[in-house]
Structures are given as C-alpha cells and as structure tokens.
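J.: Here's a structure for you.
Residue numbers (our numbering): 776 to 1222.
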C-alpha cells in the first residue's frame, strides 16, 4: 500500500512539474480557462473569471486610447502631412470603441471631436498634396499612403465630396501596368507589402462604388471595374506569400475580390456560370498579365480562361489554406512576428488577429472570438502593453523621412510603435465588442 501511494505521489510530482514547465513555455496559458468563453469579454458576465478578464481588457483599451489620443493631438503641432500612424489607424481604432460603431458617446468617452479633427486634418493634407501632383504622379508614400487615405475615407463615414473623386482618380492613374499599387520602401514589420497596399486601395475602390459616388463623377463604373480586374489578375499571378504582412494583405485582398465580383460587373458573379461554360475553352494564355481584358457587352471583364484561374486562386479551399498558414505562424507566446520564427511584435499580432476576424464570416467559420488562438493573441497584447499604454515595436529599416519627436514613447521607434499601438488598440476593441467585420467597421456579431 505504501509503495502504491509512493508511486502515485511520484506521478503527481511529475505531473505538476510538467504543468509548470508547460506554463513557463506558454505564459498565455492562463487565458485557456473553461470559464473564459467568448462571452468573457463582456462586462455583463457573472463569472468571477470572466469579470476579471473583461476588466483587464477594458483597462488595456482605456490606457491605449489615452496614449493614441495624445499622439494624435500632438501630431499637427509638428507636421501637416497625412500619415497612417497618426491619422488612418488611430481613426480606425477609435471607430471600433463603441458597441454600435456610432460616432458619438462611447463607453470610454466622447471621441467625436477628436475624430472630426483627424478627418479634417487628413482631408486638408491630401487636398494640398493632390493639388501639386500631375495625374500620373504618385502620392509621397505611393500605394501605401494612397491605400490608407482611401481606407480613412471609408472608416470616417463622412462625405469627402470632390476629394473622394480625386483620390479614386489618383488610384486609377497610378495603378501599375501589371495591376498592383507599388510601395515606397520596405520597412518591416509595417509598410512592406504590395499585397497590403493593393488590398487597401481595393477596399477604397469598393467603398467608393458602394456609396454610389460615381453617378455624376469623373470616375465611371467601367473604369473602376477595369482597375479591380487588373488588380485581381496581378494577384493571381503572384507566388503564395510567405511573410505575415504579405499573407494578411493577400487574405484581405481575396476577401474583397470575392465581394467585388458580383453580377453588377458584367454578370460575372462567382456563383454564376462562367461565360462560355460548356463551350470549347480558348487556349490558356501563357501567364496572366494585366491589362489583358476582354470586352463583353461594353463591360471590361476577364475572358473565360482568366476567370477560371481567378476562381481557382480565390477558391474557398485556397483561402482556407492561407488562413491556416497564417495561424501556423503564431508563436508559442500567442503573438506573430514579421516572418515565421521571428520574435512576436504587436503590429504583426494585431493585423493577423483583425484580418482573421474580418474574413471569418465570409467562409462560415466558427466565431473567431471563441477560438483559443484568438484568446492567446489577445493575451500576448495584454501582457506586452507598456505602463504608458503603448506597445513598443523596434524599427529595423532606414528612415525615409527626417526624424522629429512627436512626444510619443520609444524615441526613434515612436512612429512604428504608434502604428502598432493603434492596431493593437483596434484588435482589443474588436475583441471586446465582437465586431463582425472590423476592417470594414461593421456592427457586432448577432449573439
């Protein structure tokens, strides 16, 4: 009997040691709690564990919001140029901080005045720059700045009038011959992906047309359709992405492309029969190079063989494979790095979480906010937030602009850290409210 008890005791000691070792390897393991279900992000939960988790999430959002707000307010004192790190992404993060995505009073205070200042600053800066450029000349940050400007236009939920026409016209005139929008420089982990830049511009074109802004404007439905087709043909011609930002950009682009190809575009819905189906296909051209577009009934559209390759590249199977690839790149600490095996950072983690949340409904997956990997990602962000509310991300690129101190934390890393902080804040706010399509600033999921 004593020998039996001694054996059980030894097994118990081994089990405790193994558990402690596992916890040491995965410090986010405390988020893997049976009581920490998808409702645990909400303040009306009765569970003590749920309330504790919800309180931690709310505190982190409040701290991040104060930090981002200070940076946004300081920026016009130093620069008059539109940026992704102090206008576009902060506006996006603020827009997710209310249950119904309203512009007025949210649970963390009234942000309407600050949002209005961001929008007005952005509009004036972009109008001023566009006035100095010839039609074929790109904005200072090329496709990435253009994409973030178009995204800001959509997120702001305000009428940009002639400026919206001018930005979309700039997108049409500066699209590269192969269908992409190019970037200015490679500065990992952010601003390094033509997939992401092209996805952002694609979002802007899609939003512009959804708003019906082409009825009396200088950008026609035909021009928009042609630009989108050319972008899709470029996307199909690219090798599968391997780093985090490329993969995030590709997944988001594919999601937008599936929304774009509807019967409104020449009758070529993804659920509709392919043109020429049942007929003998034409010889497949060697490679897909834009703008090799056919004209059918006056509308620019891919021919049968191009459509076949597009459908193959954007099939649900392929999209699921890309999502799984991105999930497989999650590190043991719950975060993502710029590349597989790289140290986790807040920018790569937050963009991965939001891209995966954005595409969840499109492919009828279980709620992304119930997933363990999402909780681990949130745990990483909560654990790595600085006391001042920021997230520190180190810059690994040569500066493309003269450095100035905006008063944000982390000295020469302050701009990439500001962008990462705004993305992280957006991810936490989306987790708290369970927004259905956070990148499009859509209402929460129906529970």
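Just so it is clear, CB atoms sit at the ideal spot from N, CA and C, and this is done for glycine as well. Since the model is a prediction, treat every value here as computed from it, not as a measurement.
(1) Kindly examine the ligand MN and report whether one of its heavy atoms sits closer than 8 Å to the Cβ of residue 1084.
(2) Going by DSSP, name the residue or residues bridged to residue 1009.
(3) Would you grab the beta carbon distance between residue 828 and residue 1164 for me? Rounded to a whole angstrom, and I think it's under 8 Å.
(4) Just the C-alpha distance for residue 946 and residue 856, rounded to the nearest angstrom, thanks.
(5) Is residue 924 closer than 9 Å to residue 914 when the C-beta atoms are compared?
(6) Would you say the region 1105 to 1113 touches the region 991 to 1005, given that touching needs at least three Cβ pairs under 8 Å?
(7) Per DSSP, which residues does residue 891 bridge with? Please list them.
(8) Could you say which of 826, 866, 1146, 833 lies nearest to residue 845 if we only look at CA atoms?
(9) Exposed or buried, which one is residue 830 when buried takes at least 16 other CB atoms within 10 Å?
(10) Need the endpoints of the alpha helix (DSSP H) that residue 974 sits in, please.
(11) Given that a residue counts as buried once 16 or more other Cβ atoms are within 10 Å of its Cβ, and exposed if not, what is residue 852?
(12) Is the separation between the beta-carbon of residue 871 and that of residue 1153 shorter than 9 Å?
(13) May I ask you to verify whether the region 890 to 907 touches the region 919 to 937, counting CB pairs closer than 8 Å and requiring at least 3?
(14) In this structure, what does DSSP give as the bridge partners for residue 917?
(15) Where does residue 926 sit, in a helix, a strand or coil, going by DSSP?
(16) Run through DSSP, which three-state label would residue 1108 get?
(17) Beta-carbon within less than 7 Å of residue 975's beta-carbon, same chain only, minus the 5 sequence neighbours each way: which residues are those?
(18) Considering only residues of the same chain and omitting the five flanking positions on each side of residue 1133, which have a CB-CB separation below 8 Å?
(19) Among 1130, 908, 888, which has the Cα closest to the Cα of residue 931?
(20) Among the candidates 1025, 956, 948, whose CA atom is the shortest distance from the CA of residue 916?
(21) Note down the Cα distance separating residue 862 from residue 847, rounded to an integer number of angstroms.
(22) Who are residue 1188's beta bridge partners in DSSP?
(23) Within a Cβ cutoff of 8 Å, which residues of the same chain sit near residue 1157, ignoring the five residues on either side of it in sequence?
(24) Taking 6 Å as the limit between beta carbons, can you name the residues of its chain near residue 1170, skipping five residues before and five after?
(25) With respect to the alpha helix (DSSP H) encompassing residue 1120, which residues constitute its N-terminal and C-terminal limits?
(26) For residue 1098 and residue 1131, which I take to be in contact (beta-carbon distance under 8 Å), what is that distance rounded to the nearest angstrom?
(27) Go ahead and pull the three-state DSSP assignment for residue 948.
(28) To the nearest angstrom, report how far apart residue 1197 and residue 858 are at their CA atoms.
(29) How many angstroms separate the CA atom of residue 873 from the CA atom of residue 928?
(30) Please classify residue 1060: is it buried, with 16 or more other beta-carbons within 10 angstroms of its beta-carbon, or exposed?
(31) Expressed to the nearest angstrom, what Euclidean distance is found between the alpha-carbon atoms of residue 941 and residue 983?
(32) Could you pull out every residue in the same chain whose Cβ sits closer than 7 Å to the Cβ of residue 1205, ignoring the five residues on either side in sequence?
(33) So residue 1166 packs on residue 1159, CB below 8 Å; how close in whole Å?
(34) Can you give me the C-alpha to C-alpha distance between residue 1011 and residue 977, rounded to a whole angstrom?
(35) Do you know how far the Cα of residue 1082 is from the Cα of residue 892?
(36) From residue 1089 to residue 949, what does the alpha carbon distance come to, in whole angstroms?
T.: Considering the structure as presented:
(1) Ligands are entirely absent from the displayed structure, and the ligand MN is therefore not among its contents.
(2) Residue 1009 is not bridged to any residue.
(3) Incorrect: roughly 19 Å between the Cβ atoms, too far for contact.
(4) 19 Å
(5) Residue 914 places its beta carbon less than 9 Å from that of residue 924.
(6) Of all C-beta pairs linking the region 1105 to 1113 to the region 991 to 1005, fewer than three are shorter than 8 Å, placing the two stretches out of contact.
(7) Assignment of beta-bridge partners to residue 891 by DSSP yields no partner.
(8) 866
(9) exposed
(10) 969 to 985
(11) exposed
(12) Contact: no.
(13) At 8 Å Cβ cutoff, the stretches touch.
(14) For residue 917, which the question treats as bridged, DSSP gives the partners 958.
(15) helix
(16) coil
(17) 922, 923, 925, 926
(18) For residue 1133, same chain residues with a beta-carbon under 8 Å away, outside a window of 5 residues either side, are 1027, 1030, 1212, 1213, 1214, 1215 in chain order.
(19) Of the listed residues, the one whose Cα sits closest to residue 931 is 888.
(20) 956
(21) 7 Å
(22) Looking at the DSSP assignment, residue 1188 forms no beta bridge with any residue, so it has no partner.
(23) 831, 832, 835, 1203
(24) 1188, 1191
(25) Element bounds for residue 1120: n/a, residue is neither H nor E.
(26) 6 Å
(27) helix
(28) As the crow flies, the alpha-carbon of residue 1197 is around 13 Å from that of residue 858.
(29) 19 Å
(30) Residue confidence is low: residue 1060 scores 37 on pLDDT, short of 50, so the model does not pin down where it sits. Its coordinate-derived value is still stated next. Under this definition residue 1060 is an exposed residue.
(31) 11 Å
(32) 871, 1129, 1132, 1213
(33) 6 Å
(34) Residue 1011 and residue 977: Cα-Cα distance of roughly 15 Å.
(35) 44 Å
(36) 25 Å
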